[in-house]
Every structure is written in structure tokens, then in C-alpha cells.
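Numbering (the working numbering), first residue to last: -15 to 304.
Structure follows, in C-alpha cells:
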């Protein structure tokens, strides 16, 4: 299999809280006024990414991994995860608040759903004035206090409410109660999992007058009732990979590109670039590949040497 930088068709998701910014800001081909998510790289069952460019166009990411796991995933990733692509990459547009929710850890997710848990991070790409997110409890809480406030519809009063602006990074370990607030466009990097326990949805109804399902009982054992610190500070040195999040599941760096960088890799892990601002190109085997804001590109692990050039802000993700 001849490898090269791979782009995939976006998998677009309508959501009750979605809007149109994925089109107006990130150039996604949406036709709905309530598009909440663009899944950029996914092997979630029923939502597997399809190659959009080059000789491998039309093939699925799972097919490519089955054909050449070491070339695509990398030797260390393949050794750890087999043929599974362990991460899921998304852009989100929250026109309204998302539901207050929580994700189970690996153990609970495996027992209940035969799935990975869902540790995730958010990078805020655009924020309206006064946009905020909910992340964890204001102070250490308990199952009893949580249930009392949930039943009284005062849950928000005991949750930590943080103003969010472009460039902010939040790292959410499993068990952290959270909600992306209205007016935010976010790049999300997470374990490959679509398991969400919805705790409270502000009593919203859909076009047919139906409320969305809640998962109160399932969530009780999944919640971390301790106060957590989720916001990450990071350096912004130009033409350097500045660590934002380094966890067992992924490493994400902030790469402010201004010029040309020569990249050498050892083939242990794939790399993903998410272009959050500007434009850049990758030169590989005498071919130039062009990218703009909102693009996501998978660098197969077998691409050991290439150059990136341009003026852009890039999220660089791999598995250490």
C-alpha cells in the first residue's frame, strides 16, 4: 500500500443544540441549521471514516488498518491496540448548551458496553462573548448532594462554571461531569467511544415535543464527585511542538507554524494534524498537500520523513 497524508470525508451530525458555524467558520459541507458535530476521524461502528483524497480514496479507515496496521497505526500503537484505531477526532458547534453529561472509565465501559472509556480534551477555536463551559463540581460533593440537586433541578448551582475563550484547553478525565456551553466552536480529541451518560438536558424537547433520554442510574457509579482542575496552560513557542495534554491515551501539542519544518518520525505512532487557524502544506515524496482551517489530516506511521510549511495554528496528536 502506497501511503501519503490522508484526509477523510467529514461525518456530519445533526444535534438539537447545533448550528451553522461548522460551515461558516470551518467550511464543512453542511445543509442543516442544527449541525452540531463533524466527525473527522472515526472507527466507531456505523460511523467509519472514508478516505477523501488520492489513490486510496473511497476506502475506509478500518480497511486500511486491516491491510497495513503497522504502516497506518504504528508499531507501538498496533502492539497496544491491535487493529483498533484508538482515538476519535471531532469539531463541535454549540449554538445552545449541550446536555450535562459524564463518560464512564475504561473498566465500566468495558463491563457495560464492551467499549473504551472516554477521556477527552477540548480546544476552543471560537467563543462568543460570555461563552462558558461546565466542568466538574465547585467543591467536593457526594452522591447524595448530587441527587438532591438533580431532583430539585438545581444541579447547575453546584457545578463549576468557567468562562471560555479562543485558545483555551480543557482536559476531561472520565468521571468529570461536564457540558459545552452555547456559543463555542471546539476541536475535540478523545478515546474511540460514543458512550455518554446524560444527566440533565435543561428540560429541552425536540421538534416532536420529546425530551431526550437521561441516564441517571448508569451515571451514579461513573461520576467523580471530587473537585477537579481541568484547564491546561501551555507554551506557544513558534515552530515548536508545545505540550498541551500528555496522558496515557494521547499526546496533544500546540504547533504555531510560521515557515518550514522538517519532520522525522520512527514509525511507532500515527500523527494527526488539526488546522485550527491559517493554512499549511505537507510536502512528501515531491508532492505538496494543501490544508486550511478546519482540515484534519492523518499522517500514517509509515511516513517517516516529510516537511510542513505555512502560517497556521495546528493541533498535533499522537500516542506516546
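Glycine included, C-beta positions come from ideal geometry on N, C-alpha and C.
Own chain, CB closer than 6 Å to residue i, minus 5 neighbours either side, in chain order
{"i": "residue 103", "result": "157, 158, 175 and 233"}
{"i": "residue 239", "result": "225, 298 and 300"}
{"i": "residue 166", "result": "78, 80 and 81"}
{"i": "residue 276", "result": "263"}
{"i": "residue 289", "result": "248"}
{"i": "residue 33", "result": "-8, 25, 26 and 45"}
{"i": "residue 99", "result": "93, 177 and 179"}
{"i": "residue 368", "result": "Only positions -15 to 304 of the chain appear in the structure, and residue 368 is not among them; the question remains open."}
Cβ neighbours of residue i in the same chain (closer than 8 Å, five flanking residues each side left out)
{"i": "residue 196", "result": "0, 83, 182, 185, 188 and 190"}
{"i": "residue 150", "result": "108, 109, 110 and 111"}
{"i": "residue 59", "result": "251, 252 and 285"}
{"i": "residue 5", "result": "77, 79, 110 and 169"}
{"i": "residue 62", "result": "53 and 54"}
Expected contact under 8 Å - CB spacing of residue i and residue j to nearest Å
{"i": "residue 86", "j": "residue 160", "result": "7 Å"}
{"i": "residue 209", "j": "residue 121", "result": "7 Å"}
Contact set for residue i: own chain, Cβ-Cβ below 7 Å, skip 5 residues either direction
{"i": "residue 28", "result": "72, 176 and 178"}
{"i": "residue 56", "result": "48, 49, 254, 284 and 285"}
{"i": "residue 222", "result": "240 and 242"}
{"i": "residue 145", "result": "116 and 118"}
{"i": "residue 74", "result": "21, 22, 23, 24 and 172"}
{"i": "residue 31", "result": "-5 and 23"}
Reference residue i, options the options, closest by Cα
{"i": "residue 49", "options": "290, 296 and 286", "result": "286"}
{"i": "residue 180", "options": "193, 131, -12 and 201", "result": "201"}
{"i": "residue 20", "options": "3, 291 and 244", "result": "3"}
{"i": "residue 127", "options": "53, 31 and 203", "result": "203"}
{"i": "residue 278", "options": "259, 123 and 62", "result": "259"}
{"i": "residue 257", "options": "270, 296, 95 and 272", "result": "296"}
Neighbour-count burial assignment, residue i, 16 or more Cβ in a 10 Å radius
{"i": "residue 304", "result": "exposed"}
{"i": "residue 231", "result": "exposed"}
{"i": "residue 152", "result": "buried"}
{"i": "residue 70", "result": "buried"}
{"i": "residue 8", "result": "exposed"}
{"i": "residue -15", "result": "exposed"}
Strand pairing of residue i, partner residues [DSSP]
{"i": "residue 162", "result": "85 and 119"}
{"i": "residue 264", "result": "275 and 294"}
{"i": "residue 256", "result": "282 and 301"}
{"i": "residue 248", "result": "289"}
{"i": "residue 236", "result": "229 and 301"}
{"i": "residue 3", "result": "19"}
{"i": "residue 185", "result": "According to DSSP, residue 185 bridges with nothing at all."}
{"i": "residue 175", "result": "71"}
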